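I have placed the structure first, in the form of structure tokens, so that the comments after it can refer back to it.
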Amino acid sequence: MGLVRLVVILIIAWLIYSTTRRWLASLDQKWDQKKSGRSEKIETMVSCAYCGLHVPQNEALQAQGKYYCSSEHQKRAESS
Ligand SMILES: [Zn+2]
Numbered sequence: 000m001g002l003v004r005l006v007v008i009l010i011i012a013w014l015i016y017s018t019t020r021r022w023l024a025s026l027d028q029k030w031d032q033k034k035s036g037r038s039e040k041i042e043t044m045v046s047c048a049y050c051g052l053h054v055p056q057n058e059a060l061q062a063q064g065k066y067y068c069s070s071e072h073q074k075r076a077e078s079s
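Going by the working numbering, the first residue of the sequence shown is number 0, and it counts up by one from there.
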């Protein structure tokens, strides 16, 4: 009777252990995806075609294949 109870406890303990490990691994994967996505955004820098200022690509204004730090510089570059 005691042995059966021990085996049952071991099986339950193993199930908890493997489920927790799988859950932690999936959390780690999600965290890695977030981190890599964020660092990609930071690394993508473009320089303003008018003044040469470096700005993140998602904040820069794009016109005719060129990047600008502000709409004012875009207008100035187009009018000159
Ligand atoms: Zn500029």
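Positions of the beta carbon are idealized from the N, C-alpha and C atoms, including for glycine.
Owing to the predicted nature of the structure, the values given are computational and were not obtained by experimental measurement.
Separation of residue j from residue i, as counted between CA atoms
| i | j | result |
| --- | --- | --- |
| L52 | R20 | 47 Å |
| A24 | S70 | 45 Å |
| S78 | K33 | 41 Å |
| C92 | D31 | This structure does not reach residue 92, given that the chain is present from 0 up to 79, and the question cannot be answered. |
| V7 | I15 | 12 Å |
| T18 | L2 | 24 Å |
| Q63 | Q73 | 10 Å |
| D27 | I11 | 24 Å |
| V54 | C68 | 6 Å |
| W13 | W22 | 14 Å |
| R4 | K29 | 38 Å |
9 Å Cβ cutoff met for residue i and residue j
| i | j | result |
| --- | --- | --- |
| A59 | Y66 | yes |
| Q56 | M44 | yes |
#### Entry: ligand 1 site residues, beta-carbon cut 7 Å against heavy atoms
Taking each Cβ in turn, the ones that pass are C47, Y49, C50, L52, Y67, C68, S69 and H72.
### Message
Please give the ranges of any beta strand (DSSP E) in the region 14–66, keeping only runs that are unbroken, at least 3 residues long and fully inside the region.
### Response
Runs found: 44–46, 53–55 and 60–62.
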